[in-house]
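A.B. asks: Under my numbering, the first residue of the sequence shown is numbered -12, with each subsequent residue one higher. All C-beta atoms in this analysis are idealised placements derived from N, C-alpha and C, irrespective of residue type, glycine included. Owing to the predicted nature of the structure, the values given are computational and were not obtained by experimental measurement.
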Amino acid sequence: MNGSKSPEKRTGASRVADYLRDIPRSGIRDFFDIVSTRKDVISLGIGEPDFPTPWRIREAAIYALDRGATAYTSNRGLLKLRQGIRDYVDRVFGVRYDPETEILVTVGVSEALDLAVRAVVSPGDEVLYHEPCYVSYRPTILFAHGVPVPAVTRAENGFRLTADMLEPLVTKRTKALLLNFPTNPTGATLGREELEGLARFACRHDLTVITDEIYSELTYEGEALSIAAFPGMRERTIFLHGLSKGWAMTGFRIGYACAPAELSEAMMKIHQYTMLCAPTLSQEAAAEALRDDRDTVEMRRAYEQRRNYICSALNEIGLPCHKPRGAFYVFPRVGDLGLTSRDFALRLLDEYNVACVPGTAFGACGEGFLRCSYATDLEEIKEAMARLAVFVKRLR
Ligand code: PLP
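1. Count the other C-beta atoms from every protein chain shown that fall within 10 angstroms of the C-beta of Y384, then say buried if there are 16 or more, exposed otherwise.
2. Where does R73 sit, in a helix, a strand or coil, going by DSSP?
3. Roughly how many angstroms separate the alpha carbons of I225 and T93, rounded to a whole number?
4. Relative to ligand 1, is the shortest distance from any of its heavy atoms to the C-beta of V96 smaller than 6 Å?
5. Give the straight-line distance between the Cα atoms of P119 and P36, rounded to the nearest whole angstrom.
6. Measuring straight from C-alpha to C-alpha, what distance separates T206 and T(-2)?
7. Quick check on DSSP: helix, strand or coil for A244?
8. The beta strand (DSSP E) spanning K162 covers which residue range?
9. Which class does V462 belong to by DSSP, given the choice of helix, strand or coil?
10. Are V28 and N302 close, meaning C-beta to C-beta below 7 Å?
11. I need the DSSP call for Y59, collapsed to helix, strand or coil.
12. Measuring straight from C-alpha to C-alpha, what distance separates E338 and N295?
13. Just curious, the alpha helix (DSSP H) that D337 is in, first and last residue?
14. Using 10 angstroms around the beta-carbon of A4, count the other beta-carbons present and answer buried if the total reaches 16, otherwise exposed.
15. Please state the DSSP three-state secondary structure of D323.
16. Along the alpha helix (DSSP H) that carries C190, what are the first and last residues, could you check?
17. Take E200 and list the residues in its own chain whose beta-carbon comes closer than 7 Å to its own, dropping the five residues that flank it on each side.
18. Can you name, in chain order, every residue of its own chain whose Cβ lies under 7 Å from the Cβ of A142, other than the five neighbours on each side?
19. So what does DSSP say about D199, is it helix, strand or coil?
20. Taking only three categories from DSSP, how would you classify V379?
21. By a C-beta neighbour count over all protein chains shown, 10 Å radius and 16 as the cutoff for buried, is Y116 buried or exposed?
22. So, is the C-beta of V108 closer than 7 Å to a C-beta in chain D?
23. With 16 other CB atoms within 10 Å as the buried threshold, where does I297 fall?
24. Using a Cβ-Cβ cut-off of 7 Å (strictly less than) and excluding sequence neighbours within five positions of K369, which residues of its own chain qualify?
25. Is any non-hydrogen atom of ligand 3 found closer than 6 Å to the C-beta of S231, if you look at the structure I gave you?
26. Cutting at 6 Å between CB atoms, please list the residues of its own chain near L365, excluding the five before and the five after it.
27. The alpha helix (DSSP H) spanning I411 covers which residue range?
28. Take the Cβ of E249 as the centre, count every other Cβ of all protein chains shown within 10 Å, and call the residue buried at 16 or more, exposed below.
29. Could you give the distance in angstroms between the alpha-carbon of K380 and the alpha-carbon of E181?
30. So, helix, strand or coil for E208, using DSSP?
31. Just the Cα atoms here: how many angstroms apart are V284 and E204?
32. Classify I10 as helix, strand or coil using the three-state DSSP reduction.
33. Going by DSSP, what residue range makes up the beta strand (DSSP E) through P137?
34. To the nearest angstrom, report how far apart T149 and G14 are at their CA atoms.
35. Considering Cα atoms alone, identify which of Q70, A48 and I21 is closest to C245.
36. Can you list, in chain order, the residues of its chain whose CB lies under 6 Å from that of I72, leaving out five sequence neighbours each side?
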């Protein structure tokens, strides 16, 4: 014995990496832990299509299982799927990628996002993005030891993002810009001019752009545009997309990342060691899905009808709400009724059995707002609005 004190034994939380301990759990998960304890809740909370996956797609998975397609695929994914992605992205967005070197099939856009950020961000690099935004963006940047730099978007401008809003946030360490239009949770979209402005901004500051196009099939007005198609952008853009929303395939877990070969190879390096490949049966189903987008068009029509209903209902109730042009969320203002977003959502759940997500789950600037998903049957939405109307009347 040399008399030196033995190091203090690690216990519980101290076994967890420091940086992880500081990252909070998703506000949505917290909220749905409460929802799951209750019965007969009308949920406008979940960001998930209420349609079953179209039959032809399910059948492709069944058929693949039947013929024993149960082995790994290549790391990049089935070639026929990558070719389908090439054709789809070219036809819809006007950007063409090489399936051999520039397309990577991933486990949802979730994995694609993580790969993209890890492939681009070195510790201390700053990543610009817009808030309110999808719950994963900030944690994903932090997991890569990057610095999240949010630009706050506002209801008055339909939650749109312009280059002017980003310019003051640029520093020497700014490495990337992360975009998501149509946006979760606001349903915001951008027009051609705004995207052009952002493209010029990215070129001016030599930024890499990561664009999450997961809701592009659910665009109700105007065309689905991607920044990847604008001049000077293909070389600096990682284009992320997947089948969860447009094709109602959340449980299949298929996404993809398209990017110039060097960036794609960097993502592939992480993917091959951490994931190996996306699930084979799901890849077979996705290859079938991309052969046709008529089913996405039908679902879009149903969402559009619900959007029109829910927007007028909310405005009539006195909860001001801009009409989103995409995705399947509305983001009404509830902040004038004397409750925080969280208290409003908790009381709506507790007293009226209606679940919506507090706006703060999507960034601090979501205070005063509520996210309601209309990926729910129209009759249920009508009942939820009737209950909401009574609640708001009582609060006034
Ligand atoms: N990106 C956005 C903006 C989302 O809203 C979601 C899911 O809600 C995802 C990515 C994750 O999608 P996936 O199911 O493809 O992992």
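C.D. replies: In short:
1. Coverage of the chain is limited to positions -12 through 383, which leaves residue 384 absent and any answer about it impossible.
2. helix
3. 13 Å
4. yes
5. 21 Å
6. 50 Å
7. strand
8. T161 to L166
9. One cannot answer for residue 462 here, as it falls past the ends of the chain, which runs -12 to 383.
10. no
11. coil
12. 26 Å
13. S328 to Y339
14. exposed
15. helix
16. R179 to R191
17. S213, F226, L227 and H228
18. H309 and R320
19. strand
20. helix
21. buried
22. Looking at the structure shown, chain D is missing, and only one protein chain is on hand.
23. buried
24. none
25. Annotation note on ligand 3: not contained in the displayed structure, which lists ligand 1 as its ligands.
26. R293
27. Outside the modelled stretch of the chain, which goes from -12 to 383, sits residue 411, for which no answer is possible.
28. exposed
29. 39 Å
30. coil
31. 8 Å
32. coil
33. V134 to V139
34. 27 Å
35. Q70
36. I90 and Y243
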